[in-house]
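Remarks on the structure that follows.
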Amino acid sequence: MSALFALLMIIILLLISIIGTEVLGLNYVFGVIIPYAAIALFLVGFVYRIIRWANSAVPFKITTTCGQQKSHPWIKHSSLEAPHSTWGVIGRMALEVLFFRSLFRNTKADLKEGPRLVYGPSKWLWAAGLVFHWSFLIILLRHFRFFAEPAPFFVSGLQSLDGFFQIGLPIFYITSVAIVAALAFLFVRRLNDPKLRYISLGSDYFALFLILSIAISGILMRHTGLRADIVDVKQLAMGLVSFHPNVPESIGVMFFIHLFFVSVLFGYFPFSKLMHMGGIFMSPTRNMANNNREKRHVNPWDYPVKTHTYEEWEDEFRDVMKAAGMPLEKEK
Amino acid sequence: MAEKMITPEELAGGIDYKPKKKTWLDPTVEFKKGTWNYAAPPQNLEYLDLPNPRKWSPIDEDWKLPDNWKEIILEGLRVRIKRFRSLQLFMDICVRCGACADKCHFFIGSGDPKNMPVLRAELLRSVYRKDFTTAGKIMGKMVGARELTVDVLKEWFYYFYQCTECRRCSVFCPYGIDTAEITMIARELMNLVGINIEWICTPAANCFRTGNHLGIQPHGFADSIEFAVDELEELTGIKVDAPINKKGAEILFVAPSADYFASPHYYTLLGYLALFHEIGLDYTWSAYASEGGNFGLFHSHEMMKRLNAKIYAEAKRLGVKWILGGECGHMWRVIHQYMDTLNGPADFLEEPVSPITGTKFENAKNTKMVHIMEFTSDLIRNNKLKLDKSRNDHWHPTFHDSCNPSRGMGLIEEPRYVIRACCNQFTEMPENTIKEQTFCCGSGAGLGTDENMEMRFRGGLPRANATKFVHDCDGVNILLCICAIDKATLPPLLEYWVPGVEVGGIHEMLGNALIMKGEKERTTDLRGEPLAGVESEEEKTEEEVSEDA
Chain A
14 MSALFALLMI IILLLISIIG TEVLGLNYVF GVIIPYAAIA LFLVGFVYRI
64 IRWANSAVPF KITTTCGQQK SHPWIKHSSL EAPHSTWGVI GRMALEVLFF
114 RSLFRNTKAD LKEGPRLVYG PSKWLWAAGL VFHWSFLIIL LRHFRFFAEP
164 APFFVSGLQS LDGFFQIGLP IFYITSVAIV AALAFLFVRR LNDPKLRYIS
214 LGSDYFALFL ILSIAISGIL MRHTGLRADI VDVKQLAMGL VSFHPNVPES
264 IGVMFFIHLF FVSVLFGYFP FSKLMHMGGI FMSPTRNMAN NNREKRHVNP
314 WDYPVKTHTY EEWEDEFRDV MKAAGMPLEK EK
Chain B
7 MAEKMITPEE LAGGIDYKPK KKTWLDPTVE FKKGTWNYAA PPQNLEYLDL
57 PNPRKWSPID EDWKLPDNWK EIILEGLRVR IKRFRSLQLF MDICVRCGAC
107 ADKCHFFIGS GDPKNMPVLR AELLRSVYRK DFTTAGKIMG KMVGARELTV
157 DVLKEWFYYF YQCTECRRCS VFCPYGIDTA EITMIARELM NLVGINIEWI
207 CTPAANCFRT GNHLGIQPHG FADSIEFAVD ELEELTGIKV DAPINKKGAE
257 ILFVAPSADY FASPHYYTLL GYLALFHEIG LDYTWSAYAS EGGNFGLFHS
307 HEMMKRLNAK IYAEAKRLGV KWILGGECGH MWRVIHQYMD TLNGPADFLE
357 EPVSPITGTK FENAKNTKMV HIMEFTSDLI RNNKLKLDKS RNDHWHPTFH
407 DSCNPSRGMG LIEEPRYVIR ACCNQFTEMP ENTIKEQTFC CGSGAGLGTD
457 ENMEMRFRGG LPRANATKFV HDCDGVNILL CICAIDKATL PPLLEYWVPG
507 VEVGGIHEML GNALIMKGEK ERTTDLRGEP LAGVESEEEK TEEEVSEDA
């Protein structure tokens, strides 16, 4: 149901872009106005969310320790799993952001006869997640060849690496295949595992479908008869970044579909769970050092509370304490 | 327990990880006997100045909420979103990848899909979406937004009191989303309208009033310690000194109160007393701060602060140099991660230095409170203790990492070091069930009540099952732990799932092994049970002794 809803949304988006450009001829709207609006929404929305998060206080240092603390010099300290210093935290965050350290720990619990609980390794989610995110990043970086003349230095290296196997012409990029495969896996995983199906919302499927649509439309554009003229694309892209936009006539519907999906992704991003991209860096259980007893953390909204003081306590129990011969502050 | 309890076979046979319903958005909950906790009695709420004291029960149709309960909760949520970045962020960034789903002991033991950490959080998140996000306001259920209704509130009560704040899910979450944070704040919100449970509010009120969670008055506390001193003398022939409220002592010692009135905690207390005597520690107990455990942690950040305040206040009044803390789990979460922030800075204390070895406890130099595992492991490392491991040969221990010391401190190797120094035998449970991946006892965070027994057996299944594995394969016969809640709740759990395994503390093992100057020949351990190799004649007399005790 949620998946169907998400699929319906994608079909509507597809139809909007086709009708908008092919029927209504709103090429300027879809080639210039919507992309600009989407980027603006992305930037403003992203910054707004980060500021909103940053404005929320961090009253306590609540690191989740996943290894040995730093205590005695003769006990090996786990500097990346229970970091004690800022460098340790940076290392921990790098492992988390670049290699999905925590997801790598994943296990699968099974209840066998007996009862006997067994925990097997479960690395598929980690692998698919890693492949998807890295592919997406490389693809994004590859696109910089459209936005700068000459293309930035890193693009050609990435392209030749990514096209290492030199299959087909134009050459098939490894990431093109990888991102589709990873997204397909993530989708099937959601449908296939009853637990996952149960927790998945329409918005979870929507994000998957949207990025899949971008990938597929991009691949179609590069490798099929629906090809967009690369010179036209570069002309539009350069126009957009130099704020002198113009839309070449012959750019083709597949390009508009692709661009529209990308625009929707950018516009949708700050209002969705995709903000985990920024959020991971601010997660208090991961980005703070486990040096609580060594360095004091201050709660910015701390306020005095009602306590039961020693004096009040002794007043209440003086008689019984006296009878028991316990030391007192005041005899009466 | 007069009523027939579900058998282990029935319980395990009925677990199915496949959700039965199609959607979780329906909040209806069936309050099945054995799976929920009694409501807090009004007098204890009144004593603590908490809102909406009244007599009520979760199975009542009418929970006697204030008329504006919904506004109170939503306003409470609004305030907390600003106060806790954790909450704000954890509401926003979950992608529902499901990595946490089968990491929760309550899910593993119940199969109830709302015990998947992701869904437990969604219970609150759905309300957050409805009232605090644009998408939720417009798209409603499609993006998982729900109206806050009485039924949702009842669902919160049911599931946020089926979370022990153990943080295991947070280890596996790619963003470190910590359900403990969400549960703590959801409980705070419910407390605003007077929804809370007895086994949190009553101990909190007792701690506030008398200093310990059973409400034992100062002279009763002194009696308990005195009794333990006598008992230790009977066992070892040595009369130890255990000062209470002694001004000018070098160290204030704070332990969970269960250590001096509950079993098997009590044997750990005997271990502390023996150790402190043997090394000649200048220390004192306090009757005012006689509880290290902090039931406020399970109630609200404010209550945690109110209860925790006693420790520093007492250290200041007594003029000690620093504080030593006993074997306790959530007590140490509070001390390590909260105390300095809540009630510090403790600038009237000195940076902790072991008076025996001269070791500076650098890692505790600001909070000025040292974990007894850090303290004792340092003594052993510096050869300050004479230990006869063979006195523990009748025990084959394994070690249960308590949630909070492992995931909230990183205290992992110190206890193992002490165990290995005190015992010839030691076997670890499977690696997915120990250290940072340890499983909760299933009864933490205020859920260790008799009325909640079935849920405790369910939540404790993963721990018990791992224990069963080493019991069957290696002959493990005692589960050691450094947490008072563990010591209270693991015995019935193990009796249910894996009979034949006892529960004990590490300082109990230490007390057994510790050779004290001038002690009489020991024929029994601190429990009064005969040591391995002791002849049967003596065994008989020792049994009599233990019965007398």
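Sequences listed follow chains A and B, in order.
Take the first sequence: its letters are residues 14 to 345, numbered as in this note's numbering.
Take the second sequence: its letters are residues 7 to 555, numbered as in this note's numbering.
Don't be surprised by glycine CBs; every beta carbon is placed ideally from N, CA and C.
Here the structure is a predicted model, which means the values were calculated and not measured.
Item, Value
"Pair within 8 Å by beta-carbon distance, B/G299 and B/H336", "yes"
"Cα-Cα separation, A/W326 to B/D55", "17 Å"
"Under 9 Å by beta carbon: chain A residues contacting B/W30", "Y211, I212"
"Residue from B/E171, B/K474, B/K10 whose Cα sits closest to the Cα of B/L303", "B/E171"
"Contact with chain B by A/N312, beta-carbon distance below 8 Å", "yes"
"Per-residue burial, A/L171 [other beta carbons within 10 Å of its own, 16 or more giving buried]", "buried"
"Counted within 10 angstroms of its Cβ, other Cβ atoms place A/I47 as buried (16 or more) or exposed", "buried"
"Outcome for B/F37 when other beta-carbon atoms lying within 10 angstroms are tallied against a minimum of 16", "exposed"
"Nearest-angstrom beta carbon gap, A/F279 and A/A51 [assumed within contact, 8 Å]", "4 Å"
"Contact residues within the stretch 59-74 of chain A, judged by C-beta distance below 9 Å to chain B", "R62, R65, W66, A67, N68, S69, A70, V71, P72, F73, K74"
"Any C-beta of chain B under 8 Å from that of A/D217", "yes"
"Residue span of the beta strand (DSSP E) that contains B/E508, given as start and end", "508-511"
"Partners in chain A for B/C415, counting only beta-carbon separations shorter than 7 Å", "The question names Cys, but residue 415 of chain B is Met in the sequence shown. Per Cβ cutoff of 7 Å: T78, Q82."
"Contact residues within the stretch 175-187 of chain B, judged by C-beta distance below 8 Å to chain A", "S176, V177, F178, C179, P180, Y181, G182, I183, D184, E187"
"Within-8 Å CB hit, A/V318 to chain D", "The displayed structure is made up of protein chains A and B, and chain D is not among them."
"Three CB pairs or more closer than 8 Å across the stretch 415-422 of chain B and the stretch 266-286 of chain B", "no"
"Through-space distance from A/F157 to A/V168, alpha-carbon basis", "7 Å"
"Beta carbon proximity, B/E553 to chain A, threshold 8 Å", "The predicted position of B/E553 is uncertain, since its pLDDT is 46 and thus under 50; a value taken from the coordinates is nonetheless stated next. False, the Cβ-Cβ gap to chain A never drops below 8 Å."
"For A/W87 and B/P13, the rounded distance between their alpha carbons", "The identity of residue 13 of chain B in the sequence shown is Thr, whereas the question assumes Pro. Roughly 47 Å between the two C-alpha positions."
"Bridge partners - A/V131, DSSP secondary structure assignment", "A/D123"
"Closest residue to B/A470 among B/C487, B/A494, B/N410, B/L499 (Cα-Cα distance)", "B/L499"
"Closer than 7 Å at the beta carbon, the chain B residues around A/Y323", "Y294, A319, E320, R323"
"Span separating the alpha-carbon of B/H402 from that of B/V133", "50 Å"
"Between the CA atoms of A/S226 and A/F282 - distance to the nearest angstrom", "15 Å"
"Chain B contact for A/A197 (CB, 8 Å cutoff)", "no"
"Rounded distance between the beta-carbons of B/F96 and B/A127, thought under 8 Å", "7 Å"
"Simplified DSSP state of B/E549, which is helix, strand or coil", "Annotation note: pLDDT 48 at B/E549 (below 50); position unreliable, coordinate value reported separately. It is helical."
"Uninterrupted alpha helix (DSSP H) stretches inside the stretch 155-187 of chain B (no shorter than 4 residues)", "156-166, 174-178"
"N-terminal and C-terminal residue of the alpha helix (DSSP H) that B/F475 is part of", "467-480"
"Chain B contacts made by the stretch 329-342 of chain A, where a contact means CB separation under 7 Å", "F330, V333, M334, A336, A337, M339, P340"
"Whole-angstrom distance between B/V246 and B/H283, CA atom to CA atom", "6 Å"
"Identified DSSP bridge partners for A/F294", "Paired residue(s): none; A/F294 is not in a bridge."
"Ranges of the alpha helix (DSSP H) found wholly within the stretch 229-316 of chain A, counting only runs of at least 4", "243-254, 266-281, 289-292"
"First and last residue of the uninterrupted beta strand (DSSP E) at B/F259", "257-260"
"Contact belief for B/C334 with B/A490 at Cβ below 8 Å, rounded distance in angstroms", "5 Å"
"Three or more C-beta pairs below 8 Å linking the stretch 312-326 of chain B and the stretch 313-325 of chain A", "yes"
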